[in-house]
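First residue of the sequence shown: 1, per the UniProt record's numbering; consecutive thereafter.
Glycine included, C-beta positions come from ideal geometry on N, C-alpha and C.
What follows is one structure encoded as structure tokens, with my remarks underneath.
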Amino acid sequence: MTSLPSSPANVRIDAWLWAVRAYKTRSLATASCRAGHIRLNGSPAKASATVVTGDTVTVRLSGFERTLEVRRLINKRVGAEAASHCFTDHTPPRPVAPALGLPQRDRGTGRPTKKDRREMERLAGHRD
Numbered sequence: 001m002t003s004l005p006s007s008p009a010n011v012r013i014d015a016w017l018w019a020v021r022a023y024k025t026r027s028l029a030t031a032s033c034r035a036g037h038i039r040l041n042g043s044p045a046k047a048s049a050t051v052v053t054g055d056t057v058t059v060r061l062s063g064f065e066r067t068l069e070v071r072r073l074i075n076k077r078v079g080a081e082a083a084s085h086c087f088t089d090h091t092p093p094r095p096v097a098p099a100l101g102l103p104q105r106d107r108g109t110g111r112p113t114k115k116d117r118r119e120m121e122r123l124a125g126h127r128d
């Protein structure tokens, strides 16, 4: 197991999100805080807000919310396995998109023939 650096006394929320790999860069984490996409214990958080062990951080990424509980404070970016020990993910599973019911062609079968295309249009209800 990869060892973690010693726990600092306080860590900014943008630095912690970057360190646990929620964001690729610290500047992206800071921009998300400014845009209001980060919540600390239910209220909007500025990038300079400090996190403590036990805090709940909600991150909105591309329309999906991720809920993280702070288990350990770090301010330096570490490997993915080591970073996973610094938080508990309470994010509910993403909903599965319903199937459209349209016929699917096997991968690698090439472009549909005119006959195949007419059959697909008929099944989709575009032609009689």
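Under the DSSP assignment, L40 falls in the beta strand (DSSP E) whose first and last residues are I38 to L40. In terms of Cα proximity to R71, the closest of A80, E65 and T53 is T53.
Straight-line spacing of the CA atoms in I74 and A97 works out to 36 angstroms. Exclusion of the five residues before and after F87 leaves V20, L68, E69, V70 and R71 as the residues of its chain whose Cβ lies within less than 7 angstroms of its Cβ. For L17, the enclosing alpha helix (DSSP H) covers residues I13 to A19. Contact check for A35 against D14 fails: the beta carbons are separated by 8 angstroms or more. Judged by beta-carbon spacing, R12 lies within the 8 angstroms limit of T50, meaning their Cβ atoms are closer than that value.
At a Cβ-Cβ threshold of 8 angstroms, R77 and W18 count as neighbours. A direct Cα-Cα distance of roughly 36 angstroms separates P95 from N10. One Cα belongs to W16, the other to P93, and the distance between them is close to 23 angstroms.
Using a Cβ distance threshold of 8 angstroms, C33 and A22 do not count as a contacting pair. The alpha-carbon separation between P8 and F64 amounts to approximately 30 angstroms.
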